[in-house]
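In terms of the UniProt record's numbering, the sequence shown is residues 1 to 347.
Just so you know, even glycine gets a beta-carbon here, dropped at the ideal spot from N, CA and C.
Each remark here refers to the structure printed beneath this line.
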Amino acid sequence: MKFSLFVHMERYDEQVGHRQLFEELTELTLMAEAGGFSTVWIGEHHAMEYTISPSPMPLLAYLAARTSTIHLGAGTIIAPFWHPIRVAGECALLDVISNGRMEVGLARGAYQYEFDRMAGGMPAGDGGKYLREMVPVVKALWRGDIAHEGEIWKFPTSTSSPRPLQQPTPPMWIAARDPDSHNFAVANGCNVMVTPLMKGDEEVVDLKNKFENALANNPDVPRPQLMVLRHTHVHTVDDPDGWKVGAEAISRFYRTFDAWFGNKQTPVNGLLPPSPKEKFKERPEFELENIRKNTMIGTPEEIIARIRHYQELGVDEFSFWADNSLPYAEKKKSLELFIEHVVPAFR
C-alpha cells in the first residue's frame, strides 16, 4: 500500500493570510515526504478560497525544489480549462524540474461556478468530451511530433517541449466514478483515482468493482493503479471524543462544498459561508456518527483496519485528504499520528 497526501490551501475567512497557508501546505508536504508518502497531490480550483489552487504547477515546482523523493502530483488538471500542448509542456517541465517525479491527474471538472468563469458558461456536464480528447493527445505529444484534428482542438505538427524524463510517459491518472470513465481510463493506460466522498466503504467496494470490470473489458492492457482518496482525521485512543472534531469539520467542509456547488450565491472576495445545518436535517450522511463511519476518522488502530480492508480489495494507494476545514494545528497533529502509527503497519 502506497500513501499520498492530497492537500490545498484552505481559507474560510480573512483572518488567515495566504502566505501562512502556503507555508503550512509546504510543511505538511515535507512531513509527508519524511513519513514515507509516495506523492503529494494538489488540484485546480478557480476564484474560491476554500480550496485555493488556480494552478497546481507553481506550487508543485516550488515543492520539487524543497523535496527529493516524494512525487509531485497535479491532481487534477481540469481538461476544459487547458490546451493539450500546454498540459503536455507544463507537465513535462515539472518532470524535468523534479528529476522525474511528476504525476498528473486529469478530470472533466465539476463546479458550474468555475465553468461560468473559465469556460464561458459551458455546462459542466460537457467537460467529459474534453477529457476524452485530451488524454491520448497529451500522451502522443510526450512521445514526439503529432498533428491533431479533433472535435475540440486542432493544431498542426507539434510536440511537447520539453519532453518528460519518465519514459515512455509519466504516470497519468483519471478521476473516475461511472463505468464509462473507468473503462476510458483503463483502455488508455491511465491509473484510476476514486473518492467515495461522504459515502461509506460499500462505495469503495462499488468503485473497485467498476475498476475490475474495466480491467476485464480491456484484457490486453497492463493493470493500472487504483487510488482511493478519503478525508482523514486521526485522533488518539485517550481522546475518545476526538472523532467529533473531525466529523464537525468535515461537515463544515461539505456544507461549504454545497454552497459552491449550488452556484446560487455570489461570493464576496472568493468566500461563501457554509450552507446552514438546517438544510441537511433530513440527510443522514450529514449526521456526525455517519460522517465518522463514512470518512476515514478514528484512532490509528481503527484506521489501520479500514485501510487493510482496502488493501485486500486491491487498492494500491490510499490518499490522506487533508482538506477538512480544521485549523492547521489539528491537521498537523492528525498527519503526525498517521505517519507515526498507521504507515509503519504497512511496511
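- Counting along the chain, the unbroken beta strand (DSSP E) around residue 230 starts and ends at 226-234.
- The shortest C-alpha to C-alpha distance from residue 316 to any of 193, 220, 271, 141 is the one to 193.
- Per DSSP, the beta bridge partners of residue 175 are 193.
- For residue 240 and residue 250, the gap between their C-alpha atoms comes out near 18 Å.
- If you look at residue 71, you'll find it in the beta strand (DSSP E) that goes 71-78.
- Residue 161 is classed as exposed because its beta carbon has fewer than 16 other beta carbons within 10 Å across all chains shown.
- Exclusion of the five residues before and after residue 144 leaves 159 as the residues of its chain whose Cβ lies within less than 7 Å of its Cβ.
- With a threshold of 16 other beta carbon atoms within 10 Å, residue 235 meets it and is buried.
- The beta carbon of residue 22 sits closer than 7 Å to those of 9, all from its chain and outside the five residues before and after it, given in chain order.
- When 337, 157, 296 are compared, the shortest CA-CA separation from residue 147 is found for 157.
- In this chain, the alpha helix (DSSP H) harbouring residue 336 covers 328-337.
- Straight across, the Cα-Cα distance linking residue 47 with residue 209 is about 36 Å.
- Setting aside the 5 residues that flank it on each side, residue 179 is surrounded in the same chain by 210, each with a C-beta closer than 6 Å to its C-beta; the list follows chain order.
- Contact check between the region 127-134 and the region 101-114: three or more CB pairs, one atom from each, fall below 8 Å, which counts as touching.
- According to DSSP, residue 271 shares a beta bridge with 268.
- According to DSSP, residue 3 shares a beta bridge with 318.
- Bridge pairing for residue 154: 149 [DSSP].
- Apart from sequence neighbours up to five positions away, the residues of its chain that approach residue 212 with a beta-carbon distance below 8 Å are 314, ordered along the chain.
- When the Cα atoms are used, residue 258 and residue 266 turn out to be separated by approximately 14 Å.
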